[in-house]
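Residue numbers (our numbering), protein chains in the order written: chain A, 288 to 429; chain B, 288 to 429.
Note that beta-carbon positions come from the ideal geometry of N, C-alpha and C, so glycine has one too.
The structure presented is a predicted model; accordingly, all values stated were derived computationally and were not measured.
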DNA sequence: CTTGACCTTAACCTTACTGGAAGGTTTAGT
DNA sequence: ACTAAACCTTCCAGTAAGGTTAAGGTCAAG
């Protein structure tokens with residue numbers, strides 16, 4: 288298999304495959320003309336890279352997963368732990384994105400959204416960020 | 288205000304402030320010794336940048352928000368639309384991350400997680416990804 | 001007079017690629 | 001045999017949003 292076929296087979300771009308090779312994540316044989324050649328074991332590795340990337344693993348994490356794939360004395364517990372750790376990371380991200388989303392919705396709710404220039408959103412975002420839910424008010428004895 | 292104070296006041300790093308200036312997102316006056324000087328209007332812009340970044344706006348989107356902040360004939364509807372568009376983007380991301388998370392949990396469920404090398408996760412990830420729930424079948428009339 | 005805390009610019013590192021330049025190879029068609 | 005399309009090769013540059021380090025100027029205190 289040449290790189291273009293390998294790309295179509297795995298859903299990666301040829302560019303990405305060369306990039307992964309430059310990082311030592313996969314190897315390729317070479318034909319006499321210099322073209323890269325991929326066998327079924329290489330295609331397996333590329334599939335792992337493609338799919339692991341799609342579910343959120345970084346290339347360094349993929350490097351570890353590929354090493355496990357090629358290690359016949361691996362423990363499946365190590366693979367599982369890596370996956371569950373990634374789930375925990377995604378959960379953190381989800382919490383963060385949800386907070387951002389809710390903040391934006393609260394801001395949008397307080398904005399008229401008309402032809403006028405007064406805008407609660409801009410007022411809020413451009414003022415000092417206390418991070419507080421309540422506003423400080425001046426004392427009577429100032 | 289010097290850049291360090293401005294940084295502490297807004298929660299940005301001095302480095303980021305210089306970077307934003309290099310992109311033309313904010314301006315600064317200069318003292319005789321070359322130090323940057325920030326007035327309250329500049330601090331407002333920096334606050335907008337800091338907080339807009341935190342809720343997910345890109346620097347290019349921030350550029351637009353700053354231009355609205357400085358445009359007295361703006362329409363608050365434009366600000367609101369930008370915010371709601373960002374909410375929609377975050378919603379897309381949330382869907383995507385949630386799918387990734389669920390895929391990973393399904394994979395983890397099918398893995399023993401023991402000392403042995405057999406691992407449903409690696410098997411799944413390294414095999415061809417149809418990504419399909421249904422398989423394409425050839426037409427009778429070709 | 002020196003130390004420490006500031007400030008300045010410039011240049012490189014990061015992640016995970018994508019695009020393009022400049023050129024070699026193969027294949028199909030005429 | 002010639003040519004054009006469709007492959008392939010390497011290398012260089014750029015993206016977002018800064019962080020890090022280097023090398024040096026400025027300023028206040030002790």
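Between the options, which lies nearest to residue i when the distance is taken from Cα to Cα?
i                     : options                    : result
residue 411 (chain B) : B:384, B:393, B:371, B:345 : B:393
residue 407 (chain A) : B:367, B:395, B:391, B:402 : B:367
residue 365 (chain B) : A:388, A:405, A:350, A:386 : A:405
residue 296 (chain B) : B:327, B:321, B:389, B:396 : B:327
residue 414 (chain B) : A:329, A:323, A:312        : A:329
residue 323 (chain B) : B:380, B:339, B:302        : B:302
residue 294 (chain B) : B:331, B:387, B:349, B:371 : B:331
residue 398 (chain A) : B:369, B:399, B:385        : B:369
residue 350 (chain A) : A:360, A:359, A:339        : A:339
residue 390 (chain B) : A:371, A:317, A:386        : A:371
residue 358 (chain A) : B:348, B:409, B:360, B:388 : B:409
residue 355 (chain B) : A:291, A:383, A:306, A:403 : A:403
residue 317 (chain A) : A:381, A:306, A:288, A:337 : A:288
residue 291 (chain B) : B:347, B:384, B:325, B:337 : B:325
May I ask you to list the residues that DSSP assigns as paired with residue i?
i                     : result
residue 324 (chain A) : A:316
Quick test of your reading: residue i and residue j, contact by CB under 8 Å. State the CB separation rounded to the nearest angstrom.
i                     : j                     : result
residue 299 (chain A) : residue 353 (chain A) : The pair is not a contact, with the Cβ atoms about 14 Å apart (cut-off 8 Å).
residue 333 (chain B) : residue 304 (chain B) : 6 Å
residue 396 (chain B) : residue 363 (chain A) : Actually they are not in contact, since the Cβ atoms of residue 396 (chain B) and residue 363 (chain A) sit about 13 Å apart, beyond 8 Å.
Quick one: any contact between the segment 366–380 of chain A and the segment 339–354 of chain A, if contact means 3 or more CB pairs under 8 Å?
-> yes
What are the residues of the segment 353–366 of chain B that lie near chain A, defined by any Cβ-Cβ distance shorter than 7 Å?
-> 355, 356, 359, 360, 361, 362, 363, 364, 366
Closer than 9 Å, Cβ to Cβ, to anything on chain A: give me those residues from the segment 392–411 of chain B, in chain order.
-> 392, 394, 395, 398, 399, 400, 401, 402, 403, 404, 405, 406, 407, 408, 409, 411
Proximal residues, the segment 300–321 of chain A versus chain B, C-beta separation under 7 Å | none
The segment 337–353 of chain A: which residues have C-beta closer than 8 Å to a C-beta of chain B, in chain order?
-> 337, 338, 339, 341, 342, 343, 352
Quick one: which residues of the segment 366–387 of chain A get their C-beta closer than 8 Å to a C-beta of chain B? List them in chain order.
-> Identification of residues in the segment 366–387 of chain A having a C-beta nearer than 8 Å to some C-beta of chain B yields 366, 367, 368, 370, 371, 373, 374, 377, 378, 380, 381, 384, 385, 387, given in sequence order.
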